[in-house]
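Q: So that we are looking at the same thing, I have put the structure below in structure tokens.
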Amino acid sequence: LAPSNAALVKKAAALCEKYERPVATWQQAREILGLRPAA
């Protein structure tokens, strides 16, 4: 799929841009995934 996490994130961001979809901030991603806020 991707050689690293950074490459995967870059690929996902490019797809979001291609399809005119917003990219979640890390805070939004934590909330979407139901994770506790960062300390």
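The numbering of the sequence shown is this note's numbering, which starts it at 244 and goes up by one.
Cβ atoms here follow ideal geometry from the backbone N, Cα and C, with glycine treated the same way.
Identify whether A257 lies in helix, strand or coil by the three-state DSSP scheme.
A: Position 14 of the sequence shown holds residue 257. In this structure, A257 counts as helix in the three-state DSSP scheme.
Q: What residue range does the alpha helix (DSSP H) around E274 cover?
A: Counting from one through the sequence shown, the residue named residue 274 turns up at place 31. Counting along the chain, the alpha helix (DSSP H) containing E274 begins and ends at 269-275.
Q: Is the beta carbon of A275 sitting closer than 8 Å to the one on A267?
A: Numbered from 1 along the sequence shown, position 32 holds the residue referred to as residue 275. Numbered from 1 along the sequence shown, position 24 holds the residue referred to as residue 267. Here residue 275 is Ile; the residue named in the question, Ala, does not match the sequence. Cβ distance < 8 Å, so I275 and A267 count as in contact.
Q: By the three-class DSSP mapping on this structure, what secondary structure does A250 have?
A: Indexing the sequence shown from 1 puts residue 250 at position 7. If DSSP states are grouped into helix, strand and coil, A250 belongs with the helices.
Q: Distance check for A272 and C259, CA to CA, integer angstroms please.
A: On the sequence shown, position 16 is the one that residue 259 refers to. On the sequence shown, position 29 is the one that residue 272 refers to. Going from the Cα of C259 to the Cα of A272 covers about 14 Å.
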